[in-house]
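Mapping to the UniProt record's numbering: the sequence shown position 318 is 318, numbers consecutive. Structure first, commentary second.
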Amino acid sequence: MTESRLLIRGGRVLTMNGQLTTYEEGFVATRNGTIDAVGSGAPVPAQGAHVIDASGCVVLPGFVNAHTHLAMTLFRGIADDLCLQDFLTRVVGEESRTLGPSQIRAGATDACRESILSGTTAALDMYWFPDETVRAGERFGVNVATGPAFANFATPEGRSVEEKLDRAERRLAQSAANPGSAPQWLMPHSTYALTVPQLRALGDLAARYGARIHVHAAENAREVESVRDMHGGSPIEVLAETGLLTARTVVAHAVELSERDIVLLAETGAFVAHCPWSNLKLASGIAPVRALIDAGVKVCLGTDGAVSSNSLDVWSSIRLAATLHKWRERDPAAVGSRDVMAMATRVGAAALGLGESLGSLEPGKEATMQIVELSGPHHAGPADVWSALAYSARPGDVRDVIVGGKQIVRERSIIHGDS
């Protein structure tokens, strides 16, 4: 088999490894879709290697959008200026009336274009007809982690929770017979959308097969109050009691948390996907990110769907997360630029169960990265690179994107998949 080699050189390389190692004039060499070497200098290219000049740019891992609903690009702008509960009422009605597999495919296709052009190469997606979203992701090089979503309200799929549980178990059993397959997911919509027996059934199923879990929880005070009335505990407590709060769980939002909730999240090793834009737009509140991090909870970043945040722009979520908590804690160092860049890369990859292959630029990992140009007028001045990325960078600064050693975006245009 002919080897495929790529050498990116001349730029500043942010590996986003555990030590946040950087190389001022660095290189990344890849072979057959895997990172072969990372370091300083400009090595001679291997014979037949494709060379990308990253001079004046920063090379860093692709972003991980750790909570989104990609195909909701279809509903962008239809439910603005509403609280969470009124927003859900409007959106759920539209979904059940208008969505089928072809609509999901179209919405996810637009979402994956938007994502890859802004440097997002992986996403944790909760929505209906998930196989359609996976196919859209494959077309554009976006690694979509997803699985069946469960709720008792009317859904476009028209199947009961019990029927979907049966189908999910068959799929998990098939995956278990193929140990090299991607992580499998179960996606209970929320504790308010399911009964306790249903939540327990999902927890048991996840435990039997080692499935990962993605769930909305504690998004606003009204939700917490209603779940206490329904189930006798906070959303986080209910997840813990039903076996759904584990080290394989990603909890979206986690805005309204008690001290006990934070302890449970830390003790179980669950991840929290912080979605600052939708939390502010829906007036849900501000997640206690500093307290979560101090307790040892792993926090990653999500955009939520384009209907609730109007964008799939991880860059703006980075900027907001880096500034919002300074105000919340009255501490300008509460959450810094390095913190949020790690949330959007290494921590997000770990949340998806992909930390061994994505999230940092290290030998042996998948050659998936973005090249960000810092030459625009909004980067004028002697800014630190971390500051430039966290506080000034925009999606349009992403010049090139490489996924698995293949260049998907070149000079801000998609060159693979957009046909």
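Here a beta-carbon is modelled for each residue, glycine too, at the ideal position from N, C-alpha and C. Predicted, not measured: the structure shown is a model, and the values here were computed from it.
Could you have a look at H50 and say whether DSSP puts it in helix, strand or coil? strand
Looking at the ligand FAD, does it come within less than 8 Å of L324, judged from the CB to the closest heavy atom? Among the components of this structure there are no ligands whatsoever, and the ligand FAD is therefore not found.
CB-CB under 6 Å to P188, same chain, minus the five flanking residues each way: which ones, in chain order? F150, L194, L202, V215
Can you name, in chain order, every residue of its own chain whose Cβ lies under 8 Å from the Cβ of V401, other than the five neighbours on each side? G62, I116, L117, G119, T121, G141, M369, Q370, I371, Q407, I408, V409
Restricting to Cα atoms, I'd like to know which of G11, L265, V58, H50 is closest to A42. G11
Can you list, in chain order, the residues of its chain whose CB lies under 6 Å from that of A270, leaving out five sequence neighbours each side? L245, T249, V251
Exposed unless 16 or more other CB atoms sit within 10 angstroms - verdict on Q184: buried
With a cut-off of 8 Å, do at least 3 Cβ pairs link the region 32-40 to the region 267-281? no
P363 classed as buried or exposed, judged by whether at least 16 other C-beta atoms fall within 10 angstroms: exposed
Just curious, the alpha helix (DSSP H) that Y209 is in, first and last residue? 196-209
Could you give the residue range of the alpha helix (DSSP H) that holds V92? 84-98
Indicate the three-state DSSP secondary structure (helix, strand or coil) for N32 in the structure shown. coil
Exposed or buried, which one is S413 when buried takes at least 16 other CB atoms within 10 Å? exposed
Rounded straight-line distance, which links the Cα of E356 to that of Q19: 16 Å
Going by C-alpha to C-alpha distance, which of H416, R212, I213, S258 sits closest to E219? S258
Work out the CA separation of L264 and P235 for me, nearest whole Å. 11 Å
Counting pairs of beta carbons, one from the region 78-93 and one from the region 312-325, are three or more of them closer than 8 Å? no
With 9 Å set as the bound, which would you pick, yes or no: does the beta-carbon of G119 sit closer than that to a beta-carbon of chain B? This model lacks chain B altogether; it includes just one protein chain.
Nearest CA to the CA of A54: which residue from E3, R290, A29, D131? A29
Can you tell me where the beta strand (DSSP E) holding T121 begins and where it ends? 120-125
State the Cα-Cα distance for the pair residue 465 and R222, rounded to the nearest angstrom. Lying before the first or after the last residue shown, residue 465 is absent from the chain, which here runs from 1 to 419.
Other residues of its chain near V144: CB distance less than 6 Å, five sequence neighbours each side excluded: A123, D125, T133, V134, G137
Let's see if you can read the secondary structure: which residues bound the beta strand (DSSP E) around F271? 271-274
Let me confirm a value: N65 is counted as buried when at least 16 other C-beta atoms fall within 10 Å, else exposed. Which label applies? buried
Distance, Cα to Cα, Y209 vs L199? 16 Å
Once you ignore the five residues that flank S387 on each side, which residues in its own chain have a CB closer than 8 Å to its CB? S337
Just to confirm my understanding: we take P332, look at its own chain, exclude 5 residues before and 5 after, and list those with CB closer than 8 Å. What are they? K326
Given a cut-off of 9 Å, decide if M341 and V60 are closer than it, judged by their beta-carbon atoms. According to the sequence displayed, residue 60 carries Leu and not Val. Their beta carbons are under 9 Å apart, which means L60 touches M341 by this criterion.
Scan the region 234-280 and note each continuous alpha helix (DSSP H) run of 4 residues or more that stays entirely inside, going in chain order. 235-241, 259-268
Euclidean distance between Cα positions of E157 and E25: 51 Å
On the three-pair Cβ rule with 8 Å, is the region 297-311 touching the region 271-289? yes
Classify V335 as buried or exposed, calling it buried when 16 or more other Cβ atoms lie within 10 Å of its own Cβ. buried
Going by CA-CA distance only, name the one from V224, G243, I213 that's closest to V196. G243
Taking 7 Å as the limit between beta carbons, can you name the residues of its chain near P130, skipping five residues before and five after? T146, G147, P148
Only counting the same chain, and skipping five residues up and downstream in sequence, which positions put a Cβ closer than 6 Å to that of L70? A108, A111, D125, T133
Where E132 falls: helix, strand or coil (DSSP): helix
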